[in-house]
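To keep things clear, I will list the structure first and then write my remarks on it.
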Amino acid sequence: MYRYDEFDHRFVNERVAEFRDQVERRLTGALNEAEFKPLRLMNGLYLQLHAYMLRVAVPYGTLDSRQMRMLAHIAETWDKGYGHFTTRQNIQFNWPRLKDVPDILEALASVEMHAIQTSGNCIRNITSDPYSGVAPEEIEDPRITAEMLRQWSSLHPEFTYLGRKFKFAVTGSEHDRAAIKVHDIGIQIIRNEAGEVGYRVLVGGGLGRTPMIGKELRAFLPKADLLPYVEAALRVYNLHGRRDNKYKARIKILVHETGIDEFRAQVEHEFATMDRAAVTAPEGEMERIAAYFAPPELATKPPAPVEFERMQKLDPDFAQWVERNTYAHRVPGYAAATISLKPIGGAPGDATAEQMRVMADLAETYSVDAMRVTHEQNIVLPHVAIGDLYKLYRGLASIGLDMPNKGLVTDIIACPGLDYCALATARSIPVAQAISNRFADNKRQREIGPLSIKISGCINACGHHHIGHIGILGLDKAGVESYQITLGGESTEDARLGDRTGPGFGYDEVPGVVEKIIDTYLDLREGQRETFFQTYRRVGMEPFKEALYATAD
Amino acid sequence: MAKEFNPVVVTANDLVEGDSVFLGAFGWVRDIAAARVALSEGEAKVLETAGNEGENGNLVVGPYLIEVSVTNGQPVPVLRREQIRASGLPTMPFGLDVPVERRAA
Numbered sequence: 374m375y376r377y378d379e380f381d382h383r384f385v386n387e388r389v390a391e392f393r394d395q396v397e398r399r400l401t402g403a404l405n406e407a408e409f410k411p412l413r414l415m416n417g418l419y420l421q422l423h424a425y426m427l428r429v430a431v432p433y434g435t436l437d438s439r440q441m442r443m444l445a446h447i448a449e450t451w452d453k454g455y456g457h458f459t460t461r462q463n464i465q466f467n468w469p470r471l472k473d474v475p476d477i478l479e480a481l482a483s484v485e486m487h488a489i490q491t492s493g494n495c496i497r498n499i500t501s502d503p504y505s506g507v508a509p510e511e512i513e514d515p516r517i518t519a520e521m522l523r524q525w526s527s528l529h530p531e532f533t534y535l536g537r538k539f540k541f542a543v544t545g546s547e548h549d550r551a552a553i554k555v556h557d558i559g560i561q562i563i564r565n566e567a568g569e570v571g572y573r574v575l576v577g578g579g580l581g582r583t584p585m586i587g588k589e590l591r592a593f594l595p596k597a598d599l600l601p602y603v604e605a606a607l608r609v610y611n612l613h614g615r616r617d618n619k620y621k622a623r624i625k626i627l628v629h630e631t632g633i634d635e636f637r638a639q640v641e642h643e644f645a646t647m648d649r650a651a652v653t654a655p656e657g658e659m660e661r662i663a664a665y666f667a668p669p670e671l672a673t674k675p676p677a678p679v680e681f682e683r684m685q686k687l688d689p690d691f692a693q694w695v696e697r698n699t700y701a702h703r704v705p706g707y708a709a710a711t712i713s714l715k716p717i718g719g720a721p722g723d724a725t726a727e728q729m730r731v732m733a734d735l736a737e738t739y740s741v742d743a744m745r746v747t748h749e750q751n752i753v754l755p756h757v758a759i760g761d762l763y764k765l766y767r768g769l770a771s772i773g774l775d776m777p778n779k780g781l782v783t784d785i786i787a788c789p790g791l792d793y794c795a796l797a798t799a800r801s802i803p804v805a806q807a808i809s810n811r812f813a814d815n816k817r818q819r820e821i822g823p824l825s826i827k828i829s830g831c832i833n834a835c836g837h838h839h840i841g842h843i844g845i846l847g848l849d850k851a852g853v854e855s856y857q858i859t860l861g862g863e864s865t866e867d868a869r870l871g872d873r874t875g876p877g878f879g880y881d882e883v884p885g886v887v888e889k890i891i892d893t894y895l896d897l898r899e900g901q902r903e904t905f906f907q908t909y910r911r912v913g914m915e916p917f918k919e920a921l922y923a924t925a926d
Numbered sequence: 345m346a347k348e349f350n351p352v353v354v355t356a357n358d359l360v361e362g363d364s365v366f367l368g369a370f371g372w373v374r375d376i377a378a379a380r381v382a383l384s385e386g387e388a389k390v391l392e393t394a395g396n397e398g399e400n401g402n403l404v405v406g407p408y409l410i411e412v413s414v415t416n417g418q419p420v421p422v423l424r425r426e427q428i429r430a431s432g433l434p435t436m437p438f439g440l441d442v443p444v445e446r447r448a449a
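Order-wise, the sequence lines are chains A and B. The first sequence begins at 374 in the working numbering and counts up by one. The second sequence begins at 345 in the working numbering and counts up by one.
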């Protein structure tokens, strides 16, 4: 993974010292809240419902055990003993005190982490595929591009005060696990007909109150042109994006209102006329960064060791976990293992300090010291020898994280919602917990098959509800929580926005509503292999609507 | 007929701790039961001014009035959001309070 150079260390340490001074001045009253708020937001510090909240960047979701142990230390020393992994592959601490935040940032800096640009109208943490460097079908590790973009966008003088926040995602595989079509700019590493590796660039995707699927800005961009091209796109946005109305300020609105062809023409004009050499990465820089992401040296091992086969027969729960929670590795004899942070009835994405430490130990022992935070609020150990999977599984069982539910109905994404968030209009986590409890039976989950439920506690859509197979949006209707349901959303290369079923439902009704939707699917599906999403695409909304709203005679 | 005035209290977040506080008779308190309740527009104005003084004095952040009902002499927020804020905690067990039911023996 990327390691800080001398400049990075100095920059982050100076930033910590600067914020320490700003906090001191706030506490003595030399700065008032109006003056301090933009400064704390630039350092990832929000003020939420019950406390301050610190959002720590995990660039493209990549962590090592030293960093995970520091997150555990922070959780225990300055918080309430746990953290919350988010849909932007970051981690949030929900209870820090203002006076402790500089110490937390100093602790983070000691392990090459920070909270810079995790808030504010700037380019946010760049997300990527949790199977980067793992997936057999991958053209190139997308983290190299993501790191290049991170360096380019960190404190970029022109783009530190954009009209609104700006999110990039990068995938190196055709199968999109980074939801690039719902990002301000989505980048797919591709190979053209001549066999050259470059980028397909999408623009104007996003969720929130005006969800949109990204449109193709450039079908093929040579790799060397990456930085000038995205700089050109950001310049057009910065110049023409609205600043009079924050709800219409994202690039998706500009692209929608301008039209993709005109927007593209403006970007291409800027790209053609700008001083590209001033922006292009110095020769050799991409190679320098790529060296940090060189694949670990993994000795080829047998794909199905005898002991592994035997333990699957002896321990059916393990066999199910292998089936659901592991993914084929490009190196024979290895797998990427997903640690589900979705125990039955748990808060999606939460992990205690103890769980973080054990995950760090397991990563160090079995996964070349590597971990990934996924946008689905789970953790991936990317390089596990298949012969070690049972030991890993038992280690996870010791901390309650052995759920074999990846991609199943209880692998729910949920934002913090009204239990934590100052913007929320309804609770998310307890709704996720109630659904999880309702579908706790593992056999039933497997019978239902692949199904994503995504829950947001307000229209800002941090829980990605628009792209859930079943999306749940919590709203406030005259002081009462009401939940809108959408069906048929999808986050991958086939991304689409879900369709609303109709009027919303009460807080207590949601698990029953989800059950009715699923029962309807089970009745309608053509064979056990047809997934919920496939059935929905085949039969449409009507039968589901009928099941949910038809009144009894 | 004049619109009936709904009782209010003033709330904010503590500057240092960040938690929810309410203006009481002798300063900012964490228990809404000890909050001063305004029963008229005039009293609400007084509370609002006192709240702003708390922010200007760097004790609290973002003071605002919330509607309450008064039951047995105790103010209870009307809105769900403010009920959750006033409780000081999420509505479900969280963090270390969550039982790890699947923990191995």
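Virtual Cβ for every residue (Gly too), placed ideally from N, Cα, C.
query, result
"Just to make sure I have the definition right: I need the residues of chain A whose C-beta is within less than 7 Å of the C-beta of Asn-357 (chain B). Which are they?", "Leu-420"
"For Ser-413 (chain B), which residues in chain A fall below 9 Å Cβ to Cβ?", "The premise fails here: Ser-413 (chain B) is roughly 12 Å from chain A at the closest Cβ pair, so nothing lies under 9 Å."
"Give me the Cβ distance between Asn-467 (chain A) and Tyr-793 (chain A), rounded to the nearest whole Å; I'm assuming they're in contact under 8 Å.", "6 Å"
"Classify His-837 (chain A) as helix, strand or coil using the three-state DSSP reduction.", "coil"
"Taking only runs that begin and end inside the region 760-816 of chain A, name each unbroken alpha helix (DSSP H) of 4 or more residues, in chain order.", "762-770 and 802-811"
"Give a yes or no on whether the minimum CB-CB distance between Val-405 (chain B) and chain A is below 8 Å.", "yes"
"The beta strand (DSSP E) with His-756 (chain A) in it runs from where to where?", "752-758"
"May I have the straight-line CA-CA distance separating Ala-701 (chain A) from Val-757 (chain A), to the nearest angstrom?", "10 Å"
"Under the three-state reduction of DSSP, which class applies to Ser-855 (chain A): helix, strand or coil?", "strand"
"Does the distance from the CB of Leu-897 (chain A) to the CB of Val-912 (chain A) come in under 8 Å?", "yes"
"Which residues does DSSP pair with Lys-410 (chain A) in a beta bridge?", "Answer is none; Lys-410 (chain A) lacks a bridge partner."
"Using 10 angstroms around the beta-carbon of Leu-774 (chain A), count the other beta-carbons present and answer buried if the total reaches 16, otherwise exposed.", "buried"
"Specify the secondary structure class of Val-887 (chain A) as computed by DSSP and reduced to three states.", "helix"
"Any residues in the region 800-824 of chain A with a beta carbon nearer than 9 Å to a beta carbon of chain B? Which ones, in chain order?", "Arg-800, Ile-802, Pro-803 and Gln-806"
"Leaving out five residues on either side along the sequence, give the residues of the same chain with a beta carbon under 7 Å from the beta carbon of Arg-439 (chain A).", "Val-484"
"Counting contacts by CB-CB distance shorter than 8 Å, is Gly-559 (chain A) in contact with chain B?", "no"
"Candidates B:Val-365, B:Ser-384, B:Ala-378 and B:Gly-398: which alpha carbon is nearest Lys-347 (chain B)'s?", "B:Ser-384"
"Whose Cβ in chain B lies nearer than 8 Å to the Cβ of Glu-360 (chain A)?", "Residue 360 (chain A) cannot be examined here, being either before or after the span of chain A that is shown, 374 to 926."
"Pairing CB atoms from the region 838-852 of chain A with CB atoms from the region 864-874 of chain A, are three or more of them under 8 Å?", "yes"
"Does DSSP put Pro-407 (chain B) in a helix, in a strand, or in coil?", "strand"
"Does Lys-715 (chain A) get closer than 8 Å to chain E when you measure Cβ to Cβ?", "Absence of chain E from the displayed structure is noted, the protein chains being A and B."
"Let's see if you can read the secondary structure: which residues bound the beta strand (DSSP E) around Ala-541 (chain A)?", "Here residue 541 (chain A) turns out to be Phe, not Ala, going by the sequence shown. Note, Phe-541 (chain A): beta strand (DSSP E), 541-544."
"By the 10 Å Cβ neighbour count, where 16 or more other Cβ atoms means buried, how is Phe-878 (chain A) classified, buried or exposed?", "buried"
"Name, going along the chain, the residues of the region 466-490 of chain A whose beta-carbon falls closer than 7 Å to a beta-carbon of chain B.", "Arg-470, Leu-471 and Lys-472"
"Tell me whether Trp-468 (chain A) sits in a helix, a strand or coil according to DSSP, three-state version.", "coil"
"If we count the other Cβ atoms within 10 Å of its Cβ and call it buried at 16 or more, is Ala-925 (chain A) buried or exposed?", "Reliability fails at Ala-925 (chain A), whose pLDDT of 49 lies under 50, so the model's placement of it is uncertain and no value is given."
"Is Phe-905 (chain A) near Leu-824 (chain A), with beta carbons less than 8 Å apart?", "yes"
"Buried or exposed for Asp-502 (chain A), going by 16 or more other Cβ atoms inside 10 Å?", "buried"
"Taking only beta-carbon positions, decide if Ile-428 (chain B) is within less than 8 Å of chain A.", "yes"
"Could one say the Cβ of Lys-453 (chain A) lies closer than 8 Å to chain B's Cβ atoms, at least one of them?", "yes"
"Thinking C-beta only, is Ser-829 (chain A) closer than 8 Å to Ser-801 (chain A)?", "yes"
"Does Leu-735 (chain A) get closer than 8 Å to chain B when you measure Cβ to Cβ?", "no"
"Is the beta carbon of Phe-539 (chain A) sitting closer than 8 Å to the one on Ile-624 (chain A)?", "yes"
"Is Trp-451 (chain A) closer than 8 Å to Pro-475 (chain A) when the C-beta atoms are compared?", "no"
"Give the DSSP-derived three-state secondary structure of Asn-463 (chain A) in the structure shown.", "coil"
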